[in-house]
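Residue 33 in the working numbering sits at position 33 of the sequence shown; the count goes up by one each step and never skips.
In this text, a Cβ means the ideal position worked out from N, Cα and C, and glycines have one as well.
For clarity, every value in this text was computed on a predicted model and none was experimentally measured.
Notes for the one structure printed next.
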Amino acid sequence: MSDPQRQVRFSSRLPSSVSYASLERVAEELEHARSLFRRPGCLVVDVTDRAIEETAGIILDARKHRIQP
1 MSDPQRQVRF SSRLPSSVSY ASLERVAEEL EHARSLFRRP GCLVVDVTDR
51 AIEETAGIIL DARKHRIQP
């Protein structure tokens with residue numbers, strides 16, 4: 001899970017029309033995300049420093065093991 005400061009650094013690179021660079025706003029969004037992740041059965045994948053292909057593979061593997069005919 002990304003920390004608020006990292007998210008602010010990332011969002012500060014966005015166009016000025018996107019109002020997402022507030023540290024407080026990022027912290028609120030991360031807390032909301034964490035509350036969703038605590039739900040039973042919710043898969044949490046840390047995508048930090050992962051390629052999209054690697055992340056997709058992890059998700060597909062998890063689905064394969066979870067869905068049994």
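Discussion item. So, at 6 Å on beta carbons, what are the nonlocal neighbours of Asp3 in its own chain, with the 5 sequence-adjacent residues on each side left out?
Written reply: By 1-based counting over the sequence shown, the position of residue 3 is 3. Contacts found: none.
Worksheet entry | Separation of Glu53 from Arg38, as counted between CA atoms | The count along the sequence shown starts at 1 and reaches residue 38 at position 38. The count along the sequence shown starts at 1 and reaches residue 53 at position 53. Cα to Cα, Arg38 sits roughly 25 Å from Glu53.
Worksheet item: From which residue to which residue does the alpha helix (DSSP H) around Ala62 run?
Response: Here residue 62 is taken as the residue at index 62 of the sequence shown, counted from 1. Per DSSP, Ala62 belongs to the alpha helix (DSSP H) from Ile52 to Arg66.
Item to complete: Measure the C-alpha to C-alpha separation of Cys42 and Leu36 and round it to an integer number of angstroms.
Response: By 1-based counting over the sequence shown, the position of residue 42 is 42. By 1-based counting over the sequence shown, the position of residue 36 is 36. Taking the straight line joining both Cα atoms gives about 8 Å.
Worksheet item: In this structure, does DSSP put Leu23 in helix, strand or coil?
Response: In the sequence shown, residue 23 corresponds to position 23, counting from 1. Helix.
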